[in-house]
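Number of protein chains: 2
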Amino acid sequence: MEKRRRFPVMANRFLRRASASEAVRKLSARMILERGLIADGDRILIAVSGGKDSTVMAWTLAALRRSLKLNYSLAALHISSDFCSCCKKPALRLRLAAWDIPFTDIFVPITERLKPGEKMNCYWCSTQRRTELLKYAVENGFNKIALGHHLDDIIETFFMNMTAKGELSAMPVLLKYRKYPVSLIRPLGYVEERQIIACAAEQDILRAACTCPYGANSRRLEIRKRLAEFTGGDRAVKRRILKSLCGKTFDFLAENG
Amino acid sequence: MEKRRRFPVMANRFLRRASASEAVRKLSARMILERGLIADGDRILIAVSGGKDSTVMAWTLAALRRSLKLNYSLAALHISSDFCSCCKKPALRLRLAAWDIPFTDIFVPITERLKPGEKMNCYWCSTQRRTELLKYAVENGFNKIALGHHLDDIIETFFMNMTAKGELSAMPVLLKYRKYPVSLIRPLGYVEERQIIACAAEQDILRAACTCPYGANSRRLEIRKRLAEFTGGDRAVKRRILKSLCGKTFDFLAENG
Numbered sequence: 010m011e012k013r014r015r016f017p018v019m020a021n022r023f024l025r026r027a028s029a030s031e032a033v034r035k036l037s038a039r040m041i042l043e044r045g046l047i048a049d050g051d052r053i054l055i056a057v058s059g060g061k062d063s064t065v066m067a068w069t070l071a072a073l074r075r076s077l078k079l080n081y082s083l084a085a086l087h088i089s090s091d092f093c094s095c096c097k098k099p100a101l102r103l104r105l106a107a108w109d110i111p112f113t114d115i116f117v118p119i120t121e122r123l124k125p126g127e128k129m130n131c132y133w134c135s136t137q138r139r140t141e142l143l144k145y146a147v148e149n150g151f152n153k154i155a156l157g158h159h160l161d162d163i164i165e166t167f168f169m170n171m172t173a174k175g176e177l178s179a180m181p182v183l184l185k186y187r188k189y190p191v192s193l194i195r196p197l198g199y200v201e202e203r204q205i206i207a208c209a210a211e212q213d214i215l216r217a218a219c220t221c222p223y224g225a226n227s228r229r230l231e232i233r234k235r236l237a238e239f240t241g242g243d244r245a246v247k248r249r250i251l252k253s254l255c256g257k258t259f260d261f262l263a264e265n266g
Numbered sequence: 010m011e012k013r014r015r016f017p018v019m020a021n022r023f024l025r026r027a028s029a030s031e032a033v034r035k036l037s038a039r040m041i042l043e044r045g046l047i048a049d050g051d052r053i054l055i056a057v058s059g060g061k062d063s064t065v066m067a068w069t070l071a072a073l074r075r076s077l078k079l080n081y082s083l084a085a086l087h088i089s090s091d092f093c094s095c096c097k098k099p100a101l102r103l104r105l106a107a108w109d110i111p112f113t114d115i116f117v118p119i120t121e122r123l124k125p126g127e128k129m130n131c132y133w134c135s136t137q138r139r140t141e142l143l144k145y146a147v148e149n150g151f152n153k154i155a156l157g158h159h160l161d162d163i164i165e166t167f168f169m170n171m172t173a174k175g176e177l178s179a180m181p182v183l184l185k186y187r188k189y190p191v192s193l194i195r196p197l198g199y200v201e202e203r204q205i206i207a208c209a210a211e212q213d214i215l216r217a218a219c220t221c222p223y224g225a226n227s228r229r230l231e232i233r234k235r236l237a238e239f240t241g242g243d244r245a246v247k248r249r250i251l252k253s254l255c256g257k258t259f260d261f262l263a264e265n266g
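Written out as structure tokens, the structure is:
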């Protein structure tokens, strides 16, 4: 492992055998085992948007079914809306079928639910989707919902909440709901976005990936730029930031006693 | 006294009335009252290095004795060592006397205490000083120790611990020791370094300020540079970062349940 890591991604492919797909699979397995994201008998609902992240996650969870000594089932749910439905849905359905993951598509009138005078925004859309996801999972006997957020998403959210809201909060890699018999898991929490892009290219996923027409909001793009400067893109620094979020004691933050 | 403080030294004193000294006093008062740093009857030991930060803090705590409706006593302790003793100590003593703060100087052989083969470093020095401070405070009936760390120090430490150690920890503005009847307080926690420098200039403190011969270590200088880029020097962003450290719930960090 140590030896392989010495060769950068673009190095001679005859010398180097470790692929991005292998790295994504290994990092996801580590996340799942280290943080107890999946247990034997879990019924996992994968939230698939049609984008690269959730598709790579579906591929990873399907691949890990064979290698992890855990017995879990997978199904995928896509939420179409009145302003955005994945344009590559038939391809997505075929791909998931090839990975032995049943696919369901539901329609939610997200724009329609806006009250008069309210504008469409990312917060509103994600809240509506989350509610529908939870409802579907509970009604259909799933006990885990897998979301495709990766290391860069989690760190960006952490820095956005800290600098814009004055709150220490991020996207938990494991979140147990108190009200519902369901947990959220983020198996790609150790994986960088560039690794997902490389993996998607290797698995021929990128060609059929779709992105939200609203794109990333400007505040997120700004924090992404500043974070890239701050971390210098150093993978080890990013992983230490994630590690710090996983700490259990916060006695030495601002007040104690 | 009050009139004088309103006029900053460098600004046009006919046009501008709010001074850096006033800002430092107000922010410190806010920190003390909002976070309950000082209570009636407190016996506060001020750790004075001879540098600008702790001298400005001593000036602030002396000035606030008159305006806050809190009855507390002040004394200052300076720790001289075999590698660094404040070269401006007589001036410091006179200044503190003018502010009605009794001054004590003790000697600690910090370099001498190093085990053979060990090198002098900031961590070792600060641990030794902290131990002596605590010992002196407990033996002499002080229940609070005031340290001169400011907003930039606290944020830098937070980012250093996060990116280098993978830990969410900073310099608490209030730290109660479990083993000793003493608490640490950092009344300058809301004040930026540039405000301290301006206040020190106004109060004619800079001329007699002394700095550690070891200076800031290179890792701290590096993080300082990157942080300045990240926050863009935006005071509001820095305050929101501090606010985030003062939060009480961390349910949405990395794991929950």
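Chains as they are written, first to last, in the numbering used here: chain A, 10 to 266; chain B, 10 to 266.
Cβ atoms here follow ideal geometry from the backbone N, Cα and C, with glycine treated the same way.
Check                                                                                                                                                                                                                 : Outcome
Give a yes or no on whether the C-beta atoms belonging to B:V57 and B:H87 are separated by under 8 Å.                                                                                                                 : yes
Ignoring anything shorter than 4 residues or poking outside the stretch 129 to 198 of chain A, list the alpha helix (DSSP H) runs there in chain order.                                                               : 131 to 148 and 160 to 169
Can you tell me whether A:E65 is helix, strand or coil according to DSSP?                                                                                                                                             : The amino acid occupying residue 65 of chain A in the given sequence is Val; Glu does not appear at that position. In this structure, A:V65 counts as helix in the three-state DSSP scheme.
Check distances from the C-beta atoms of the stretch 245 to 257 of chain B to those of chain A and list, in chain order, the residues that come in under 8 Å.                                                         : V246, R248, R249, I250, L251, K252, S253, L254, C255 and G256
Does A:F239 have its Cβ less than 8 Å from a Cβ in chain B?                                                                                                                                                           : yes
Per DSSP, which one or two residues make a beta bridge with B:F116?                                                                                                                                                   : B:S89
If distances are taken between C-alpha atoms only, which option among A:G59, A:G60 and A:I41 comes closest to A:D51?                                                                                                  : A:I41
Could you check whether the stretch 183 to 203 of chain B touches the stretch 146 to 162 of chain B, counting it as contact only if at least three pairs of C-beta atoms, one from each stretch, sit closer than 8 Å? : yes
Under 9 Å, CB to CB, which of the residues in the stretch 158 to 184 of chain B have a partner in chain A?                                                                                                            : I163, F167, F168, N170, M171, T172, A173, K174, G175, E176, L177, S178, A179, M180, P181, V182, L183 and L184
Assuming B:V147 contacts B:P190 under a Cβ cut-off of 8 Å, what Cβ separation, rounded to an integer in Å, is found between them?                                                                                     : 7 Å
Between the C-alpha atoms of B:F116 and B:S89, what's the straight-line distance to the nearest angstrom?                                                                                                             : 5 Å
Tell me whether A:S28 sits in a helix, a strand or coil according to DSSP, three-state version.                                                                                                                       : coil
Among B:L83, B:N170, B:S76 and B:C134, which residue has its Cα nearest to the Cα of B:A107?                                                                                                                          : B:L83
So, helix, strand or coil for A:R52, using DSSP?                                                                                                                                                                      : strand
Classify B:E165: buried if its beta carbon has 16 or more other beta carbons within 10 angstroms, exposed otherwise.                                                                                                  : buried
Which residues in chain A have a C-beta closer than 7 Å to the C-beta of B:L262? List them in chain order.                                                                                                            : L177, S178, A179, P181 and L254
Shorter than 8 Å from the beta carbon of B:R138 to some beta carbon of chain A?                                                                                                                                       : no
On the criterion of 16 or more Cβ atoms from any shown chain inside 10 Å, does B:L230 qualify as buried, or is it exposed?                                                                                            : exposed
Which whole-angstrom value is the C-beta distance of A:A155 and A:I55, which I expect to be below 8 Å?                                                                                                                : 5 Å
Per DSSP, which one or two residues make a beta bridge with B:L83?                                                                                                                                                    : B:I53
Check the C-beta distance from B:R290 over to B:E201 and give it rounded, since I have them as a contact under 8 Å.                                                                                                   : Lying before the first or after the last residue shown, residue 290 of chain B is absent from chain B, which here runs from 10 to 266.
Let me see if you follow: with CB-CB separation under 8 Å, is B:R235 close to chain A or not?                                                                                                                         : yes
Rounding to the nearest angstrom, what Cα-Cα distance links B:R249 and A:R228 in this structure?                                                                                                                      : 16 Å
Between the Cα of A:S253 and the Cα atoms of B:M129, B:K247, B:L251 and B:L262, which residue gives the shortest distance?                                                                                            : B:L262
Counting C-beta neighbours from all protein chains within 10 Å, is the total for B:S37 16 or more, i.e. buried, or is it exposed?                                                                                     : buried
Taking only three categories from DSSP, how would you classify B:L77?                                                                                                                                                 : coil
Taking the C-alpha atoms as reference points, what is the distance between B:A32 and B:C208?                                                                                                                          : 8 Å
Measuring only the C-alpha atoms, how far is B:M169 from B:R138?                                                                                                                                                      : 21 Å
Pop quiz: B:D109 and B:A71 are said to be a contact at Cβ under 8 Å. What is the actual Cβ separation, rounded to whole angstroms?                                                                                    : 6 Å
For A:L9, which residues of its own chain have a beta-carbon under 7 Å away from its beta-carbon, when the five flanking residues on both sides are left out?                                                         : Since the displayed chain A opens at 10 and closes at 266, residue 9 of chain A lies outside it and no answer follows.
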